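Presented below is the structure to which this report refers.
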Amino acid sequence: MEIPYAVKPRPDTGLYNAKVGIWLFLASEVMLFGALFCSYILLRVNAPEGMWPHHWLNIWLGMTNTIVLIFSSVTVVLGWASLKMGQFKKYKFYQAITMICAVAFLCIKSYEYHDKFIHYQINLKDGGIVDGHLVKSETTKDVVVVEGRRIKDIKELYNPPLDHEGEIIKIPRADIKIDPATREPMMENYGPWHNTYTGIYFTLTGLHALHVIAGCIVIFFIWGPLAKVWEKDPERYINRVEVSGLFWHFVDLVWIFLFPVLYLL
Amino acid sequence: MHVDDHTIEEMRHHIRRYLIVGGALALGTILTVWASLINFGSREINIVVALVIASAKAFLVAGFFMHLISEKKMIYAVLSFTAFFFTGLFFLTLWSMAHASIIQIR
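Residue numbers (the numbering used here), protein chains in the order written: chain A, 53 to 317; chain B, 244 to 349.
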């Protein structure tokens, strides 16, 4: 028995099954990201005065990623329009660009993550703080070498100037403060464990990156292995492309809010 | 697959629209960054400006790329429920913050 309305729209709603399905799924996704945005608001509003970080992320990389995602959204919709006009080769071309954009987005995001994992806050015994990127090649068991800046007040750490230039700082390990609780040197990178900002940053962008990966896999599957469906049942194929496109646009839509919230404000 | 001339003409019209929307989104992104670097006097104004631009961009994506400006009633019904619960979630968040500040004052 064939499932009704898998391809043709149901007369009363005007929708085929998958379209109703994807919109219900996207509704649940709105709530998922909504809950995380609410967590962000709670963490930010309840942060002590002057202790919420600004300009910790590279604005230009974030902007490039935004443009990349917008461009991919355009190619997705152009691919769908090409299929509607019966131009399969054009569709293949546009979706190939979409996948390249997805990979480019993930590469830039990986670079940003790496940048945070080699970025350290080092508390010194004299009460000062060194903030910067670890120079692994020059760091030895006695000296830690960092390219960054020296800070006296912790609040300076949360509001760095936009155009600050780093200097090479050599710190003898004996000068690094020891945490009385753990007996470990107080030297921590900017991973998700660093503070609530990096925690919510990695959670939000990590979940978003998983969506980019999932969307890219689906688009690739329809573009490659499922391409033969176009010959047998073009309408079904167009529906699949439309549904995957809706998911992709949603991923773009989430990033449109993530970018200003995490990078600019 | 046979496609009639009317559909082709209609899709060409759509494509022009998609390209314009794409351009507007890119412009909106540049505008967001530019506005964030301006000192409006208080950070709250910067937040409002950035969120207004982001909302306008989100409208363009949802309205034109996701075709929400000409979607079927059932989709609108699903999204109305989503909007209701989403708004509720934000009000609960704001309410919890207000409640917490009252407890702190006491």
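For glycine and all other residues, C-beta sits at the position ideal for the given N, C-alpha and C.
This one's a predicted model, so the numbers in the text were calculated from it and none came from an experiment.
With 16 or more other Cβ atoms inside 10 Å of its own Cβ, isoleucine 296 (chain B) counts as buried. Using beta-carbon distances, alanine 341 (chain B) does not count as an interface residue toward chain A, since no partner is under 8 Å. Interface flag for serine 296 (chain A) against chain B is unset, since no Cβ pair is found closer than 8 Å.
For chain B, none of the residues of the segment 189-213 of chain A brings a beta carbon within less than 8 Å of one of its beta carbons. Here the segment 297-311 of chain A makes contact with the segment 298-314 of chain B; the two share three or more CB pairs at distances below 8 Å. Look at the segment 253-265 of chain B: the residues with a C-beta under 9 Å from a C-beta of chain A are Glu253, Met254, Arg255, His257, Ile258, Tyr261, Leu262, Val264 and Gly265. Per DSSP, the continuous alpha helix (DSSP H) segment holding aspartate 167 (chain A) begins and ends at 140-169. Close to chain B, meaning a Cβ-Cβ distance shorter than 9 Å, are the following residues of the segment 65-96 of chain A: Thr65, Gly66, Leu67, Lys71, Val72, Trp75, Leu76, Leu78, Ala79, Ser80, Val82, Met83, Gly86, Ala87, Phe89, Cys90, Ser91, Ile93 and Leu94. Within 7 Å of the CB of leucine 268 (chain B), the CB atoms of chain A belong to Ile122, in sequence order along the chain. Residues of the segment 282-303 of chain B whose Cβ lies closer than 8 Å to any Cβ of chain A, in chain order: Arg286, Asn289, Ile290, Ala293, Leu294, Ile296, Ala297, Lys300 and Ala301. The criterion of a C-beta distance shorter than 8 Å is not satisfied by tyrosine 261 (chain B) and valine 303 (chain A). For lysine 280 (chain A), no beta strand (DSSP E) segment is defined, and its DSSP state is neither H nor E.
By the beta-carbon neighbour count (other beta carbons within 10 angstroms, threshold 16), asparagine 289 (chain B) is buried. Taking a Cβ-Cβ threshold of 7 Å, the residues of chain B close to valine 129 (chain A) are Tyr261 and Phe308, in chain order. Listed along chain B are Val304, each with a C-beta nearer than 7 Å to that of aspartate 304 (chain A).
The beta carbon of leucine 322 (chain B) falls within 8 Å of a beta carbon belonging to chain A, placing the residue at that interface. Scanning the segment 73-148 of chain A for uninterrupted alpha helix (DSSP H) segments of 4 residues or longer gives 111-136, listed from N- to C-terminal end. Short of 6 Å from the beta carbon of glutamate 199 (chain A), and not among the five residues preceding or following it, lie these beta carbons of its own chain, in chain order: Gly184, His185, Val187, Gly218 and Ile220. By the 16-neighbour rule on beta-carbons within 10 angstroms, alanine 58 (chain A) is exposed.
A contact is defined here as three or more CB-CB pairs under 8 Å, and the segment 236-244 of chain A fails this definition with respect to the segment 262-269 of chain A.
For arginine 292 (chain A), the number of other beta carbons within 10 angstroms of its own is at least 16, and it is reported as buried. In this structure the segment 129-144 of chain A does not touch the segment 94-114 of chain A; the number of beta carbon pairs closer than 8 Å is below three. Between lysine 168 (chain A) and glycine 243 (chain A), the C-beta spacing is below 8 Å.
Residue burial annotation: threonine 257 (chain A) is buried, with at least 16 other C-beta atoms found within 10 angstroms of its C-beta. Listed as beta-bridge partners of proline 224 (chain A) by DSSP are A:Val195. Inter-segment contact for the segment 263-278 of chain B and the segment 280-287 of chain A is absent: fewer than three beta-carbon pairs are separated by less than 8 Å. For a Cβ distance threshold of 9 Å, residue set Met254, Arg255, His257, Ile258 and Tyr261 of chain B lies close to alanine 133 (chain A), ordered along the chain. With respect to the 8 Å criterion, tyrosine 253 (chain A) and methionine 103 (chain A) are not classified as neighbours on the basis of their beta carbons.
Listed along chain A, the residues sitting closer than 9 Å to serine 279 (chain B) by beta-carbon distance are Ile111, Pro312, Tyr315, Leu316 and Leu317. Contact between the segment 294-301 of chain A and the segment 247-255 of chain B is absent: fewer than three C-beta pairs spanning the two stretches fall below 8 Å. Between leucine 76 (chain A) and valine 292 (chain B) the beta-carbon gap is near 34 Å, outside 8 Å, which marks them as no contact. CA-CA distance, methionine 340 (chain B) to tyrosine 92 (chain A), rounds to 13 Å.
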